[in-house]
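Quick note: the sequence shown uses our numbering, first residue 1126, plus one each step. Built from N, CA and C at the ideal position, the CB exists for glycine as well. Quick caveat, the model's predicted, so the values are computed rather than measured. One structure is given here, and the rest of the page talks about it.
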Amino acid sequence: ELSNLNRNYSDVKNRLTDAESQIDKKALEELEKIGELEDIDELLKKAEEVKLKTDEVRATTENYESTLEEYLEKMDEWESDKEHYEELLRIQEEEQKFFELIGKTKKHLETAKEALVAKYTDPIMSAFKEYYSFISGNATDTLHMDSNIRVTYEEKGLQRDVETLSVGYKDLMGVCLRFALADAMYENEKPMIICDDPFTNLDDEKMESAKKLLEKIAQKYQVIYLTCSKTR
């Protein structure tokens, strides 16, 4: 019996040793550190706090996602604006070249105009003074003409525009200037001159001179005078 008991004892001891060797001692130590379980109400409170924080994080995440979508839309708009801006730059570059070309063209045209006017100014002024003096009987020493064929007259040491004159004198100068332009522009072939009653504002004395001027002009041009007045 003792022998059997010793064998049983040895067998149980071996199995106990084997069992002890398989136990995770570190896990047991960790379990020992945990100690007693927390109160259930405390755990529920902590769980609620975790839920609130989770909701806050979820709301923040949704806000970030919404902001990100807005930024993506703005980025698309920015890309579109960038393309439009680059297209405008290209157009501006082309327009700038065109503007520079127009500027050069304008400069050359002004130079050509000045040369042309310089060529015709003296003959135009000479003919203008002749016709004006013929109708008005006034001296022409105070009359001047600039490069734009604009007639001015001198008074009290200053050059004044003909717009300051009476209506009759303005009409008179306008007609004389047009006759002078015709003389300067058409040296060979003579055009037809159509007068749409330009002497309506002349007094009787100057009207007689104007009729004589038309007779003189008619020696060089075919003149058609339109009027509804018996006096003209």
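Here residue 1253 is actually not in contact with residue 1297; their C-beta atoms are around 11 Å apart, not less than 8 Å. Boundaries of the alpha helix (DSSP H) harbouring residue 1147: 1127-1147, taken from the DSSP string.
Counting along the chain, the unbroken beta strand (DSSP E) around residue 1320 starts and ends at 1317-1321. DSSP places residue 1217 in the helix class (H, G or I) of the three-state scheme. The C-beta separation of residue 1300 from residue 1323 comes to about 5 Å, placing the pair in contact by the 8 Å criterion. If only uninterrupted beta strand (DSSP E) runs of at least 3 residues are considered, those enclosed by the stretch 1217-1286 are 1268-1270, 1276-1280 and 1283-1286. In summary, residue 1130 is exposed, with fewer than 16 beta-carbon neighbours lying within 10 Å of its beta-carbon over all protein chains present.
Taking 8 Å as the cut-off, the Cβ atoms of residue 1260 and residue 1351 do not count as close. Its chain contains 1326 as the residues whose beta carbon lies nearer than 8 Å to that of residue 1292, once the 5 sequence neighbours on both sides are disregarded; these appear in chain order.
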